[in-house]
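Add 42 to the 1-based position in the sequence shown for the working numbering, that's all there is to it.
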Amino acid sequence: MRGVAVRTDFGDLVVDQAIVHSVPQRTKDQEPVPLTLSETACRLDDSGRTALQGKLRDVLGRLGREVVEDPELKSGLPDAVRSFLDGEQDLVEVSGELAHALRDSQNGSSSSGLLLVAAARLDDRGALLIVKLEHETGMQANEIVTEGLRTFDMQYFANLLFTEKSKVYKVALFSEEGAGEQKLHGWAADPQKSGKDVARFFLEKFLGCRHQNDPRELTRRFHDATMDWVNSRLTDSDARVDYVMAAMVELQSSTPTLDPAAFIRTHLQKPHQADLAEFLAENDVPIRSFDKNTELIGNRLHKVRMDLSNGAYLIAPLDAVQDGTVAVEDLGDGRTTVTVTARLTKTGSGAAAGRPPKPAPQLPVRPSQTEVLPGFESVLALPAQAEQCPAHNELPPAKT
43 MRGVAVRTDF
53 GDLVVDQAIV
63 HSVPQRTKDQ
73 EPVPLTLSET
83 ACRLDDSGRT
93 ALQGKLRDVL
103 GRLGREVVED
113 PELKSGLPDA
123 VRSFLDGEQD
133 LVEVSGELAH
143 ALRDSQNGSS
153 SSGLLLVAAA
163 RLDDRGALLI
173 VKLEHETGMQ
183 ANEIVTEGLR
193 TFDMQYFANL
203 LFTEKSKVYK
213 VALFSEEGAG
223 EQKLHGWAAD
233 PQKSGKDVAR
243 FFLEKFLGCR
253 HQNDPRELTR
263 RFHDATMDWV
273 NSRLTDSDAR
283 VDYVMAAMVE
293 LQSSTPTLDP
303 AAFIRTHLQK
313 PHQADLAEFL
323 AENDVPIRSF
333 DKNTELIGNR
343 LHKVRMDLSN
353 GAYLIAPLDA
363 VQDGTVAVED
373 LGDGRTTVTV
383 TARLTKTGSG
393 AAAGRPPKPA
403 PQLPVRPSQT
413 EVLPGFESVL
423 ALPAQAEQCP
433 AHNELPPAKT
């Protein structure tokens, strides 16, 4: 993966400073409970530091899984992490921001707990460590005052973390190396989940990330990268439509796996094969076979949109392109002929200037003749919309 190295050993993780905040349970249908935040870092002696590092190194080594920021999840955590690693916020400031983000990301079923945020080092580079831990019944957190500033007794957190029955905690780690990419990269671990999965509320709502090698994420990256490659690297309209169609059909097929190398060999012309393979690798799409899951892109696999340089565009069902009722021909001079063969079901004017159109069911735009349209701008898979009902308002035959 780009951004951070693939790791199974976190033996070089060092904790420099740590601060702990109490995050109460969020009650359904009620305003969030105000947080009483710690005002300074915890006192961390050498033995406590060594024990904490050992525990977290072990958890990340056994269960850590690469994660990558997903901007569509709209979490504020990635920007907060970058701000800290860039030196724009100190540990107290960023940890308070993360405590609020954790409270807001939890639902009514999430228990109250503690959030530890630590300034750390990984491979001698700055890092931010985040640990979410639930309270144990019968144990109380001790709030103390150090030099007039409120904080927590680190011993309580250590007791929770090291008790044999305490497995209800989640860990995330982000380093300067992973923050240098366009999208934040890091690791997350969740001993409470089976295998190397991480609870979705923690991973997606709080961290704003997805598993780097989650089948849903890999499938989406293959789709997005292939569409980007088609529209940025190719000029031949026939090839662009053929490749978009091939990708959509491949993604909709019943096969449980997706093999980019086989897709390239099967569907691409020889001159294009190496370029797409390189482009996929640059966009973190493995060339090897992986499990296919279209959950994140399912609504984009039903229709194709073609944008043209004169402002016209065409939205067509996938099967209309497959059966040839929508056809594309590259003219070899930068222009494209788009042919639509179908019955004309409805015509109408555009909205009057300055006046919003009346709400009405909309039918797909279906050009009824061959049009020569210069400059084929882009071909995209289009999100599915509500199915339109057949038109029943055709004109009756003229009476004589």
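Ideal Cβ positions, reconstructed from N, Cα and C, are used throughout, including at glycine.
**Report entry** At least three beta-carbon pairs within less than 8 Å, the stretch 211 to 218 to the stretch 134 to 148
**Finding:** no
Requested in this report: Would you kindly work out how many angstroms separate the C-alpha atoms of Gly374 and Asp278, rounded to a whole number?
Outcome: 8 Å
Query raised in the report: Shortest alpha-carbon distance to Ile60 belongs to which of Glu73, Pro76, Asp88, Asp51?
Result: The sequence given here places Ala at residue 60; Ile does not occur at that position. Here the closest residue by C-alpha is Asp88.
Requested in this report: Since I believe Pro328 is in contact with Leu249 (beta carbons under 8 Å), could you give me their beta-carbon distance rounded to a whole number of angstroms?
Outcome: Not quite, the Cβ-Cβ distance comes to about 22 Å (not below 8 Å), so this is no contact.
Query raised in the report: Taking Cβ positions, are Asn149 and Arg252 nearer each other than 9 Å?
Result: no
Query raised in the report: Which partner residues does Cys251 have in the DSSP bridge list?
Result: The bridge partners DSSP lists for Cys251 are Glu111.
Requested in this report: For my contact list, Pro74 and Arg163 are in at a C-beta cut-off of 8 Å; report their separation, rounded to the angstrom.
Outcome: Not really, about 33 Å apart at Cβ, beyond 8 Å.
Query - Contacts around Gln131, its chain only, beta-carbon distance under 8 Å, and the 5 residues preceding and following it disregarded - result: Ala122, Ser125, Glu139
Query raised in the report: Does the beta-carbon of Gly106 have 16 or more other beta-carbons within 10 angstroms, so that it is buried, or is it exposed?
Result: It counts as buried.
Report task. Measuring alpha carbon to alpha carbon, tell me which of Gly390, Asp301, Thr78, Thr299 ends up nearest Leu191. Result -> Thr78
Query raised in the report: Would you call Val291 buried or exposed, if buried means 16 or more other Cβ atoms sit within 10 Å of its Cβ?
Result: That one is exposed.
Query raised in the report: Is the number of C-beta pairs between the stretch 353 to 369 and the stretch 301 to 321 that are closer than 8 Å three or more?
Result: no
Requested in this report: Answer with buried or exposed for Lys388, where buried requires no fewer than 16 other C-beta atoms within 10 angstroms of its C-beta.
Outcome: exposed
Query raised in the report: Quick one: what's got a C-beta closer than 6 Å to Ser331's C-beta in the same chain, skipping five residues either side?
Result: Thr299, Asp301
Report task. Whole angstroms is fine: what's the gap from Ile186's alpha carbon to Asp270's? Result -> Whole-angstrom Cα-Cα distance: 55 Å.
Report task. Could you check if Leu386 is buried or exposed, using at least 16 other CB atoms within 10 Å of its CB as the buried criterion? Result -> exposed
**Report entry** 3 or more residues per run - each beta strand (DSSP E) lying fully within the stretch 296 to 370
**Finding:** 345 to 350, 355 to 359
Query raised in the report: Are Leu338 and Arg258 close, meaning C-beta to C-beta below 9 Å?
Result: Yes. Within cutoff.
Query raised in the report: Alpha carbon to alpha carbon, what distance is there between Leu98 and Pro233?
Result: The alpha-carbon atoms of Pro233 and Leu98 are separated by roughly 11 Å.
Query - Simplified DSSP assignment, three categories, for Gln294 - result: When secondary structure is reduced to three states using DSSP, Gln294 falls in the helix class.
Query raised in the report: So Val65 packs on Leu157, CB below 8 Å; how close in whole Å?
Result: 5 Å
Query raised in the report: With DSSP run on the structure shown, which of helix, strand or coil describes Asp128?
Result: coil
Query raised in the report: Since Gln59 is in the beta strand (DSSP E), which residue starts that stretch and which ends it?
Result: That run of the beta strand (DSSP E) goes 56 to 65.
Report task. May I ask which residues mark the beginning and end of the beta strand (DSSP E) holding Lys174? Result -> 167 to 176
Query raised in the report: Terminal residues of the continuous alpha helix (DSSP H) containing Gly138?
Result: 133 to 147
Requested in this report: Mind checking who Leu373 pairs with in its DSSP beta bridge?
Outcome: BP columns for Leu373 are empty, so no partner.
Query raised in the report: Are there 16 or more other CB atoms within 10 angstroms of the CB of Gly396, so buried, or fewer, so exposed?
Result: Since pLDDT at Gly396 reaches only 44, below the 50 mark, its modelled position is unreliable, and the value read off the structure follows with that caveat. Gly396 should be labelled exposed.
Query raised in the report: From Leu119, Ala230, Gly155, Pro76, pick the residue whose C-alpha is nearest to that of Asp100; which is it?
Result: When only C-alpha atoms are compared, the closest one is Ala230.
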